[in-house]
Amino acid sequence: MAARGLRIGVSSFLGGSCKNSQIGLGACLSRLRLNGFHTSQACNSEKFFDKILIANRGEIACRVMRTCQRLGIKTVAIYSEADANALHVKMADESVCVGPPPTGASYLNMNAILDAIRSTGAQAVHPGYGFLSENYRFVGRLEEEGITFIGPNAKAMHAMGDKIESKLIGKRAKVNIIPGFEGVVKVSYPVMLKASAGGGGKGMRVAWNDEEAREGFRLSSQEAASSFGDDRLLVERFIDNPRHIEIQVIGDKHGNAVYLNERECSIQRRNQKVIEEAPSPFVDPDMRRAMGEQAVSLAKAVGYDSAGTVECLVDSQKNFYFLEMNTRLQVEHPITEMTTGVDIVEQMIRVAAGYPLPMKQEDIPLKGWAIESRVYAEDPTKNFGLPSIGRLYKYIDPTHISPNVRCDSGIVEGSEISIYYDSMISKLATYGETRDEAIDLMNVALDSYVIRGVTDNVSLLRDVLNHPKFRAGDITTKFLPMEYPKGFKGHVLTEKEREELLATSAYMFVQRVRRARTFKNQSTSVDKVTAEQTSWELVCSLLGESYPINVTYIGDGKYRMVCSGEEIEFFAGTPLSAPVFEGNVNGKKVLLQTISKHGNLFNIQHCGTIYKVRVHTKAEEELMQYMPVKDEEDMSPFLKSPMPGKVVSVAVVVGDEVREGQELAVVEAMKMQNSLHSATTGKVIKVNYKAGDNVAEGDIMVQIEPVKED
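The numbering of the sequence shown is full-length UniProt numbering, which starts it at 1 and goes up by one.
Spelled out as structure tokens, the structure:
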């Protein structure tokens, strides 16, 4: 039976209706896209809800609202005091504050959210992902209030959201299962400790021995309780170096269920996905069918009636094992939408309103390729990404470069990234007829993405996308630690990329000199005006090396440069003041961003990484050789917080003796707990913070007096 309401909706299923095979489904729909989201064409009239409350924040709340707006459905936003000026609040027709910043007092506060539903008259709730999206108790309370939950029924959610119970159901449904625990002794190390009630990489750790199991159990159970309100953990055998491939399913209330192909999600850090793609370069048609049929079998076994994702681990022989089912909309759903033409959010709304699925399995297309990069406010050179906070004083997403670029974000210029919530800035997705096309467009999109005010992970994303193994599709969940065993330290420039950076830096220096001379000439009487300079002998310093570069202006805005014996012809395609500077180096277009300029020092983003380039005249460089060099200070006696956050615990007091590698404190940021360890052996002489205190990045938490060697 259809739900109350008089709004007119449209079906989101396209099937084979896209005729322009050159630009693909994503671009075919670009006429109707909203902020980079490719919507669908209308073909049916259906009654949906009048008003939906979105019980979430950030980009996913904005994403759900865009589909609701297209369907003519009014929306209600909830927000914490920290999010009063957030984009999702401004997008909604109505908004209600549900509490202070901590998630337990706001976005996980069922009573406050139910009050917001009652006061606004919302008929349905879309939970997004995270927070209460997989909380069956919340679904039960909505049912008691007569409110429709836009997600699976409580029984299916309870069964599949509990990772322990879901393994038993999967086994009965003849789904391939990872050997689970009947005791660690029977499974043997290594084992995976995993929050039974959650997802998103939170509450997950690998243990290789008893000591790691004890520490992992403590940290994972604390994270699980903080993020999901449930500290239970599942223990199962850890499959080393697998692929992570998942199947998108959708079921309805009439017993129908289909799968929308797979997503490759193997590029991860700390069990959290970083880059996803659809389809997987590893999956062939037979494997896709087998995985899809098992996923549908699992969904039907519990009467699943919404969008959900069946996640699997896959070994090198293409054996796949059921990992878990996420009973909610998945973060990476855009790439499935871009390759199938199905608006998954709309289908969730349709199903919740009582309508059957408008497609059968044989109708589901697989068209082209889509890549998604998760853009975070974090420093990727610190453990592949520790959070960064701050206000975005400049923000320009790259959707203007192509209709095949989609950017799902809850951020605008002036938005603030705080310590309270996930540090995601956006999900950037690109579409191409082939995998290489999608990757190449992602490179341009990342180079064109302007983010100022926080540190971001664009450098890591771009480096991974262009890694030979990623290009070849040779990836596993261990890709980052195996290919960057000492961590990510920024992109290593090729010789050509270095030339591009040096030529651009020299051009910037010359332009500054020429502008200064022009200003001086305008202030001087005509008879004292000197002839315009047309050649410069410069030295560029980059990464501890010096590179002589001779520059000659040859007219028409063009320059001839000689760098390390190589001749370069350079001209600018945009003004230097442009947020993204376009240069032309020997006929090749390059995109760079000037992050800052301080005298002769230029901080320039190239290939995603920010480089410091100092430019001097040859004469200045010769004088600098006589400047003294300052020795670096030993910082090992100081335990610094690597991120802003809240102190969960401090394990030492003044006078304690500690050893190198010993845990001294735990700091929580964006719901992730980070154990901080001593870099030296010695005696604690100062403790500056206690549990419950807030810390900023770089704050000295503990000071140690190192043991003096004999």
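Note that CB positions come from ideal geometry on N, CA and C, so glycine has one too.
Hey, out of Arg498, Val590, Asn600, Glu500, whose CA is closest to leucine 538's CA? Looking up residue 538 in the sequence shown gives position 538. Of Arg498, Val590, Asn600, Glu500, the residue nearest in Cα terms is Asn600.
Test item: CB-CB of serine 641 and valine 702 under 8 angstroms: Residue 641 sits at position 641 when you count from the first residue of the sequence shown. Residue 702 sits at position 702 when you count from the first residue of the sequence shown. Result no, Cβ atoms of serine 641 and valine 702 do not sit closer than 8 angstroms.
Exposure label - valine 64; buried when at least 16 CB within 10 Å: One-based indexing of the sequence shown puts residue 64 at position 64. By the 10 Å Cβ count, valine 64 comes out buried.
Have a look at the DSSP bridge pairing and note the partners of glutamate 378. On the sequence shown, residue 378 is found 378 positions in, with the first residue counted as 1. Beta-bridge pairing links glutamate 378 to Pro387.
Valine 551 beta carbon less than 8 angstroms from that of valine 585: Here the question's residue 585 lines up with position 585 in the sequence shown. Here the question's residue 551 lines up with position 551 in the sequence shown. No, the Cβ-Cβ distance between valine 585 and valine 551 is not below 8 angstroms.
Could you give the distance in angstroms between the alpha-carbon of tyrosine 129 and the alpha-carbon of valine 412? Within the sequence shown, the letter at position 129 stands for residue 129. Within the sequence shown, the letter at position 412 stands for residue 412. Looking at the two C-alpha atoms, the distance is approximately 21 angstroms.
Considering glutamine 248, what are the terminal residues of the beta strand (DSSP E) in which it resides? Numbered from 1 along the sequence shown, position 248 holds the residue referred to as residue 248. Segment 243–251, the beta strand (DSSP E) holding glutamine 248.
Return the CA-CA distance between isoleucine 113 and alanine 55, expressed in angstroms with no decimal places. What you label residue 113 is simply residue 113 of the sequence shown in a count that begins at 1. What you label residue 55 is simply residue 55 of the sequence shown in a count that begins at 1. Approximately 7 angstroms between the Cα atoms of the pair.
Tell me where the alpha helix (DSSP H) around asparagine 443 begins and ends. Here residue 443 refers to the residue found at position 443 when the sequence shown is read from its first residue. Element bounds for asparagine 443: 435–447.
Cα-Cα separation between leucine 666 and valine 342, rounded to whole angstroms: Looking up residue 666 in the sequence shown gives position 666. Looking up residue 342 in the sequence shown gives position 342. According to the sequence as given, residue 666 is valine; it is not leucine. So the alpha carbons of these two residues sit roughly 43 angstroms apart.
Locate the alpha helix (DSSP H) running through threonine 336, then write down its first and last residues. Taking the sequence shown and counting its residues from 1, the one referred to as residue 336 is at position 336. 333–340 is the span of the alpha helix (DSSP H), which, as asked, contains threonine 336.
Measuring straight from C-alpha to C-alpha, what distance separates proline 637 and threonine 336? If you number the sequence shown from 1, residue 637 lands on position 637. If you number the sequence shown from 1, residue 336 lands on position 336. Straight-line Cα distance between these residues: approximately 49 angstroms.
Who are the Cβ neighbours of asparagine 241 in its own chain at under 6 angstroms, not counting the five residues just before and after it? Taking the sequence shown and counting its residues from 1, the one referred to as residue 241 is at position 241. Contacts found: Thr476, Lys478.
Cα separation between isoleucine 396 and leucine 446? Position 396 of the sequence shown, counted from the first residue, corresponds to residue 396. Position 446 of the sequence shown, counted from the first residue, corresponds to residue 446. For isoleucine 396 and leucine 446, the distance between alpha carbons rounds to 11 angstroms.
Where does histidine 491 fall in DSSP's three states? The count along the sequence shown starts at 1 and reaches residue 491 at position 491. The answer is coil: DSSP assigns histidine 491 none of H, G, I, E or B.
Whole-angstrom distance between tyrosine 136 and glutamate 145, CA atom to CA atom: For the purposes of this step, residue 145 is identified with residue 145 of the sequence shown, where counting begins at 1. For the purposes of this step, residue 136 is identified with residue 136 of the sequence shown, where counting begins at 1. Cα to Cα, glutamate 145 sits roughly 14 angstroms from tyrosine 136.
If you draw a straight line from the alpha carbon of valine 707 to that of leucine 664, how long is it in whole angstroms? Counting from one through the sequence shown, the residue named residue 707 turns up at place 707. Counting from one through the sequence shown, the residue named residue 664 turns up at place 664. Going by the C-alpha atoms only, they are around 17 angstroms apart.
Alpha helix (DSSP H) segment containing asparagine 111, residue limits: For the purposes of this step, residue 111 is identified with residue 111 of the sequence shown, where counting begins at 1. 110–120 is the extent of the alpha helix (DSSP H) around asparagine 111.
With distances taken from CA atoms, which of Asn153, Ala105, Pro644, Gly692 is nearest valine 650? Position 650 of the sequence shown, counted from the start, is the residue given in the question as residue 650. When each option's Cα is compared against that of valine 650, the closest is Gly692.
In angstroms with no decimal places, state the Cα-to-Cα distance between glutamate 346 and leucine 465. Within the sequence shown, residue 346 is the residue found at index 346, counting from 1. Within the sequence shown, residue 465 is the residue found at index 465, counting from 1. When rounded, the distance between both Cα atoms is 31 angstroms.
Length at least 3, wholly inside the segment 271–307: the beta strand (DSSP E) runs in chain order: 272–278
Tell me the rounded alpha-carbon separation between alanine 195 and methionine 643. Numbered from its first residue, the sequence shown carries residue 195 at position 195. Numbered from its first residue, the sequence shown carries residue 643 at position 643. Rounded to the nearest angstrom, the two C-alpha atoms are 24 angstroms apart.
Could you pull out every unbroken beta strand (DSSP E) segment of at least 3 residues lying fully inside the segment 35–92, listed in chain order? 51–54, 74–80
Range covered by the beta strand (DSSP E) that runs through aspartate 408: Residue 408 sits at position 408 when you count from the first residue of the sequence shown. First-last of the beta strand (DSSP E) with aspartate 408: 405–409.
Taking the alpha helix (DSSP H) that histidine 158 belongs to, which residues open and close that run? Against the sequence shown, residue 158 aligns to sequence position 158. Looking at the DSSP string, the run of the alpha helix (DSSP H) that includes histidine 158 is 154–161.
Could you tell me which residues DSSP puts in a beta bridge with tyrosine 431? Taking the first residue of the sequence shown as 1, we reach residue 431 at position 431. According to DSSP, which records beta bridges pairwise, tyrosine 431 is partnered with Ala370.
Pick from Leu108, Ala82, Thr340: whose alpha carbon is nearest that of isoleucine 364? Here residue 364 is taken as the residue at index 364 of the sequence shown, counted from 1. Comparing Cα positions, the closest option is Thr340.
How should tyrosine 626 be labelled, buried or exposed, when 16 other C-beta atoms within 10 angstroms of its C-beta is the threshold for buried? What you label residue 626 is simply residue 626 of the sequence shown in a count that begins at 1. When all chains shown are included, tyrosine 626 counts as exposed.
Whose C-beta lies closer than 8 angstroms to the C-beta of glutamate 81 among residues of the same chain, with five residues either side of it excluded? One-based indexing of the sequence shown puts residue 81 at position 81. If we look at glutamate 81 and ignore the five residues flanking it on each side, its Cβ neighbours are Cys97, Gly99, Pro100, Pro101, Ser106.
Unbroken alpha helix (DSSP H) runs of length 4 or more, entirely within the UniProt domain "Lipoyl-binding" (630–705): which are they? none
Taking lysine 318 as the reference, give the member of Ser297, Lys253, Val296, Arg288 with the closest Cα. Residue numbering aside, residue 318 sits at position 318 when the sequence shown is read from its first letter. That would be Arg288, whose Cα lies nearest to the Cα of lysine 318.
Could you check which residue in Ile178, Met325, Leu501 has the C-alpha nearest to that of serine 133? Along the sequence shown, read from residue 1 onward, the residue named residue 133 stands at position 133. Taking only the C-alpha atoms, the option nearest serine 133 is Met325.
Report the CB separation of alanine 122 from lysine 47 in whole angstroms; it is logged as a contact under 8 angstroms. In the sequence shown, the residue the question calls residue 122 occupies position 122. In the sequence shown, the residue the question calls residue 47 occupies position 47. 16 angstroms between Cβ atoms; not a contact.
Where the alpha helix (DSSP H) through proline 468 begins and ends: Translated into the one-based positions of the sequence shown, residue 468 becomes position 468. Start and end: 468–471.
Go to arginine 560, then tell me how far its alpha helix (DSSP H) extends in each direction, as first and last residue. Numbered from 1 along the sequence shown, position 560 holds the residue referred to as residue 560. Taken as a continuous stretch (DSSP letters only), arginine 560 belongs to no alpha helix (DSSP H), being part of the beta strand (DSSP E) at 558–563.
Tell me the rounded alpha-carbon separation between isoleucine 349 and histidine 254. Taking the sequence shown and counting its residues from 1, one reaches residue 349 at position 349. Taking the sequence shown and counting its residues from 1, one reaches residue 254 at position 254. Approximately 15 angstroms, taken between the alpha carbons.
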